[in-house]
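>
Residue numbers (the numbering used here): 1281 to 1696.
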């Protein structure tokens, strides 16, 4: 097994060392999008194999939904690839340039990271998103998808490799680990630091925790998405109702879904029932503190301390009353995971305080937390969300998959 993985690592490094021009990169991406359209029947056939196996194994419904590739999702995948193709190439760009008093000219130049190892679960679109973003940013990628999406991931990776071959580019820019052995992840994390420059985990808490504990190479990612929406006393009710509904229920299984709503105590009487009733009638289960429960006329369960630190990833939400803005900020910083948090208010001064004081990688004013997505940021897509304090932070798209170097231009200067 280790020989097989080392072989992939060596091939990735060889591919990475062949710099590809922008025009060729874009031709490869356009061809990949074309092949997905051309081979959609074959992709659907492979996807059905994975769905049938998932049903047989009695996987959770939210995991099966993530796994499913219907015509709508396939169109979305093609659209994301074409968007990435249209974005400016981030490599070999002069990020900064300055002249020193001694005449030296110093330039900060963007460059690729190298070989990216991606370990992910359930979502086959990760295969296309990561491959496209990595390739456009000049990086080679080794893909280790979850066994539940094995057939779908394999066909998508093979189509990308076909697009590379047709454009006379080393197909090993994108490699898919064609084995299901569970030990593979352990070896990638602990024995491949010679070949892999960064690991990106995309999946549940168990996977990400394992990666954080075992990885001997740097990691870009996040453990959980415990996201908050705080409704301030100066909020607009209609806006709050609309935003909270979308933030929780547009897609309850994504890491950017709001898991806790905080309500200023002065607006509970007016806001509590319309907002929570709107969630409950859409089959959302509510866990509320005693103050909220006293005012809410619908069904709710008493929230416990555990609820404030729970990522439900389903149609469940915790609701808490707070006395002021500072209490809301303190709650977010204590129980949040530095992912995405929002304030709803008409008061710009309060919004600014909230945005500056929370530790989140994405801070939002008057909009749904479900905008925590590289595609929505205009990045063409994302390889994931990073909550690391060191960069990159937030959605990791094309311009976040780069490093840089300094080029120093002299005319024979020597240091005194």
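Just so it is clear, CB atoms sit at the ideal spot from N, CA and C, and this is done for glycine as well.
Whole angstroms are fine: how far does the CA of residue 1508 sit from the CA of residue 1322?
Cα-Cα distance, rounded: 41 Å.
> Look up residue 1581 in the DSSP assignment and say whether it is helix, strand or coil.
In the structure shown, residue 1581 sits in a strand (DSSP, three-state: E or B).
> Report back the beta-carbon spacing between residue 1452 and residue 1291 to the nearest angstrom; my notes put them in contact at under 8 Å.
The Cβ separation is near 4 Å, so the contact holds.
> Tell me, to the nearest whole angstrom, how far the beta carbon of residue 1666 is from that of residue 1500; I am working on the premise that it is less than 8 Å.
About 5 Å separates the two Cβ atoms, so the contact holds.
> What are the start and end residues of the beta strand (DSSP E) that includes residue 1392?
Segment 1385 to 1392, the beta strand (DSSP E) holding residue 1392.
> In angstroms, rounded to a whole number, what distance separates the CA positions of residue 1274 and residue 1634?
With the chain covering only 1281 through 1696, there is no way to say anything about residue 1274.
> Evaluate contact between the stretch 1293 to 1307 and the stretch 1479 to 1493, counting only Cβ atoms and requiring at least three cross-stretch pairs below 8 Å.
No, the stretch 1293 to 1307 does not touch the stretch 1479 to 1493.
> What does the Cβ neighbour count give for residue 1621, buried or exposed, with the cut at 16 atoms within 10 Å?
By the neighbour-count rule (16 or more Cβ atoms within 10 Å), residue 1621 is buried.
> For residue 1319, which residues of its own chain have a beta-carbon under 8 Å away from its beta-carbon, when the five flanking residues on both sides are left out?
Closer than 8 Å at Cβ, skipping near neighbours: 1435, 1439.
> Should residue 1658 be labelled buried (16 or more other beta-carbon atoms within 10 Å of its own) or exposed?
Classification of residue 1658: exposed, given that the 10 Å Cβ count is below 16.
> Terminal residues of the continuous alpha helix (DSSP H) containing residue 1441?
Looking at the DSSP string, the run of the alpha helix (DSSP H) that includes residue 1441 is 1430 to 1446.
> Looking at the secondary structure, which residues open and close the alpha helix (DSSP H) in which residue 1554 lies?
Where residue 1554 is concerned, the enclosing alpha helix (DSSP H) stretches over 1548 to 1560.
> Excluding the 5 residues preceding and the 5 following residue 1637 in the sequence, name in chain order all residues of the same chain whose CB lies nearer than 6 Å to its CB.
If we look at residue 1637 and ignore the five residues flanking it on each side, its Cβ neighbours are 1609.
> Taking the alpha carbon of residue 1328 as the point to measure from, which residue in 1351, 1664, 1309, 1356 has its own alpha carbon closest?
The shortest C-alpha separation from residue 1328 is found at 1351.
> Note down, in chain order, each residue of its chain lying with its Cβ closer than 8 Å to the Cβ of residue 1373, except the 5 sequence neighbours on either side.
1389, 1390.
> Helix, strand or coil: which one does DSSP assign to residue 1607?
If DSSP states are grouped into helix, strand and coil, residue 1607 belongs with the helices.
> Apart from the five residues just before and just after residue 1335, which ones in its own chain have a Cβ nearer than 8 Å to its Cβ?
These residues qualify, in order along the chain: 1344.
> For residue 1378, list the residues DSSP reports as bridge partners.
In the DSSP output, where bridge partners are listed per residue, residue 1378 has 1386.
> Rounded to whole angstroms, what is the Cα-Cα separation between residue 1679 and residue 1671?
Approximately 12 Å, taken between the alpha carbons.
> Taking its Cβ as the centre, do 16 or more other Cβ atoms sit within 10 Å of residue 1584, making it buried, or is it exposed?
By the neighbour-count rule (16 or more Cβ atoms within 10 Å), residue 1584 is not buried but exposed.
> What first and last residue would you give for the alpha helix (DSSP H) that runs through residue 1296?
That run of the alpha helix (DSSP H) goes 1282 to 1296.
> Do residue 1528 and residue 1559 have their beta-carbon atoms positioned less than 8 Å apart in this structure?
It is a contact, given that the beta carbons lie within the stated cut-off.
> Note down, in chain order, each residue of its chain lying with its Cβ closer than 8 Å to the Cβ of residue 1383, except the 5 sequence neighbours on either side.
Once the five neighbours on either side are set aside, the close Cβ partners of residue 1383 are 1690, 1691, 1693.
> What would DSSP say about residue 1592, mapped onto helix, strand or coil?
If DSSP states are grouped into helix, strand and coil, residue 1592 belongs with coil.
> Counting along the chain, where does the beta strand (DSSP E) carrying residue 1659 start and finish?
First-last for residue 1659: undefined, no H or E at that position.
> How far does the alpha helix (DSSP H) with residue 1449 in it reach, from first residue to last?
Neither: residue 1449 is in no alpha helix (DSSP H) and is coded neither H nor E.
> How would you label residue 1294, buried or exposed, when you count the other beta carbons within 10 angstroms and need 16 or more for buried?
Its Cβ having fewer than 16 others within 10 Å, residue 1294 is exposed.
> Within 10 angstroms of its Cβ, does residue 1392 collect 16 or more other Cβ (buried), or is it exposed?
Buried, because 16 or more other Cβ atoms sit within 10 Å of the Cβ of residue 1392.
> Would residue 1554 be called buried (16 or more neighbouring beta carbons within 10 Å of its own) or exposed?
Under this definition residue 1554 is an exposed residue.
> Skipping 5 residues on each side, what residues in its chain have a beta carbon closer than 6 Å to that of residue 1367?
For residue 1367, where only same-chain residues beyond five positions count, the Cβ hits under 6 Å are 1660, 1678.
> Mind the definition here: the stretch 1451 to 1467 touches the stretch 1409 to 1428 only if three or more C-beta pairs lie below 8 Å; say whether that holds.
Contact holds: three or more Cβ-Cβ distances are below 8 Å.
> In the DSSP output, what is residue 1482 paired with across the bridge?
Answer by DSSP bridge pairing, in chain order: 1400.
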